[in-house]
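Numbering (our numbering), first residue to last: 34 to 693. Note that the Cβ used here is the ideal one computed from N, Cα and C, for glycine as well. If you're wondering where the values come from, they're calculated on a predicted model, not measured in any experiment. As structure tokens, the structure follows; a few thoughts come after it.
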């Protein structure tokens, strides 16, 4: 790279949406890891960060920024971050590096573009270079083809006078050096071409700066504490926003009144509310207020029990997790749909979520003169949930106005504050999901392979109706559900395989093959039985499983019934409760009542729901074992097999089966 022209300090300002790769790009430019960068489904960069760098004896400043212009960021935080960004880059020759991830040019990218024009003025494009990240995703496509595939992206590149380059931040050192050299050449050309590159003296343009910040971040209406308190809150960078923020996630079924409750808490209409058979809230939305010198961020959510990509959406919009789950449910309506919402929360946050939950009962006005506590005592399921939440609940009467309305809001917020203090002011963090290895075990014809294909979303394993076993050796494939890697291992029916009788080493080889597929993540055994047909062969499968892997294998097992469609309108719970098959009941009891049902012909949302139920049970099982699955090594299992063979356990099982 040639000499960079003589200039005042050069500032490279990294701008872009979350997950675009700003921090990783900054690290590539600096040649070292300075900015925190990792994929974790949540915003990593939360404040502006500055790092100095020497280039050809010139000082260059690289500034990493959080998502500055997103509509999802609350107004006070947005204002603070923009102000900090401009102050850090003041009195410098500022080059804007707009970081865009290769893939879809999204609404968030467009919000960044608009924000740049609003804050830095349209002439800023004369000093902007676009850096596309994840260059490796292009594969055989050209960068130009990607740009030309979207008219608005193509127009943006033209506004930047075709100044762009692409980075693979995971490339080897030589390739990263080449990428940085290409970028620096473009910076050098830009500075030579336009000596007056976007250069703002912060001190000289203080009033213009304040005006532009006020324009991009509109003041909130209906602020509950009046102008004086608001002014104190917005005094600038010296105020730390993060330390006193409370994130409250409104959850509940469709039509529960979450948005109306959110508006009541905020003291102003932020969320759209109307009576409709269709969901009004289609996506996560935000509003905030100041309450007793704390920022309360209210996050309104759609019905998460019927939403797609729930985990990624929750991670995206609650960062590390909320401080409070506020379950909104109208009086007299608590039921299955509410429980489905709670199951989704549990699957993402674990059993501990109940410590962070408060119940908000709405439509208290419908009680009339009746006593609330007496009413709740007759609501068995709701009363049980309230007890689990240690009596943390509030009730809203929407007919109240003025001071009475504010009093019920204050009582709720006080309950929230008390609970947050009890939890050490820490949010309810997501439970991390390592890979799951699902080992399908069952007799021939029970539907193991079809079940595996349902989990994998594709017909990977041969599955057809015939008298002899279709699966003759262990086989595996993998997929991803809600960001979690899932390995599925389909196994043969060990007990009736001729190889097991003729060659005792056959079983050991097959189990070793099975183990080789499960090198990563948590091992969970799924016992596949056909609904309505628990036979002696099924019983022998369980005995052989224990002889092979040890008795403790049952504490890492789940029962899965195929042909769930045969139940018709009957509940699986009722079938299990009413069956007179004592052997089946004993197996389920030993699995601590972990069971579910599959209709392997089901598709669409219903098909996805049954897989997610199985994975939720598997993840719960792992967490009940302190994050661990079946922990025996191959050496341990090999010893179990040898012990079983020495004691003729397998032959006894097979002999008993033949007698039957």
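Between residue 425 and residue 391, the C-beta spacing is below 9 Å. In the three-state reduction of the DSSP assignment, residue 552 falls in the coil class, being assigned neither a helical nor a strand state. Boundaries of the alpha helix (DSSP H) around residue 191: 184-192. Under the three-state reduction of DSSP, residue 671 is assigned to helix. Between residue 289 and residue 366, the C-beta gap is smaller than 9 Å, which places the two residues in contact. Annotation: residue 649 to residue 413 spans about 25 Å, alpha carbon to alpha carbon.
The alpha-carbon separation between residue 47 and residue 129 amounts to approximately 6 Å. For residue 199, the uninterrupted beta strand (DSSP E) run begins and ends at 197-199, by DSSP. The beta-carbon distance between residue 215 and residue 198, rounded to whole angstroms, is 5 Å. This is short enough to meet the 8 Å contact definition. Look at residue 400 here: in three-state DSSP terms it is helix. Close CB contacts of residue 223 within its chain, under the 8 Å cut and outside five residues either way in sequence, are with 128, 160, 162, 196 and 230 (chain order). Per DSSP, the continuous beta strand (DSSP E) segment holding residue 363 begins and ends at 357-363. For residue 342, same chain residues with a beta-carbon under 8 Å away, outside a window of 5 residues either side, are 515 in chain order. Residue 654 is a Cβ neighbour of residue 557, given a cutoff of 9 Å. Take the alpha-carbon of residue 349 and the one of residue 56: they are about 17 Å apart.
The continuous stretches of beta strand (DSSP E) do not include residue 452, which lies in the alpha helix (DSSP H) extending over residues 435-455.
In the DSSP annotation of this structure, the continuous segment of the beta strand (DSSP E) that includes residue 323 starts and ends at 318-324. Counting only the Cα atoms, residue 374 lies some 16 Å from residue 422. With respect to the 9 Å criterion, residue 620 and residue 593 are not classified as neighbours on the basis of their beta carbons.
Listed in chain order, the non-local C-beta contacts of residue 62 below 8 Å within the same chain comprise 45, 86, 95, 213 and 216, local neighbours out to five positions each way being set aside. Annotated three-state conformation of residue 289 is coil, per DSSP. For residue 577, the closest alpha carbon among the candidates 115, 111, 475 and 378 is that of 475. Residue 303 carries a coil assignment under DSSP once its states are collapsed to helix, strand and coil.
Residue 427 places its beta carbon less than 9 Å from that of residue 441.
In its chain, beyond the 5 residues on either side, 289, 290, 293, 294, 361, 362, 363, 364, 428, 429 and 431 have a beta carbon closer than 8 Å to the beta carbon of residue 395. Listed in chain order, the beta strand (DSSP E) runs fully inside the stretch 152-184 are 161-166, counting runs of at least 3 residues.
Rounded to whole angstroms, the Cβ separation of residue 134 and residue 54 is 6 Å, and the two are in contact under 8 Å. The beta-bridge partner set that DSSP reports for residue 427 consists of 393. Ranking 344, 454 and 285 by CA distance to the CA of residue 370 puts 285 first. Linking residue 144 to residue 97 through their CA atoms gives a straight-line distance of about 18 Å. Beta-bridge partners assigned by DSSP to residue 485: none are found.
The alpha-carbon of residue 406 is positioned some 14 Å away from that of residue 393.
The alpha-carbon separation between residue 609 and residue 564 amounts to approximately 10 Å. The C-alpha of residue 203 is placed about 39 Å away from the C-alpha of residue 639. Per the C-alpha coordinates, the member of 468, 193 and 436 positioned closest to residue 164 is 193.
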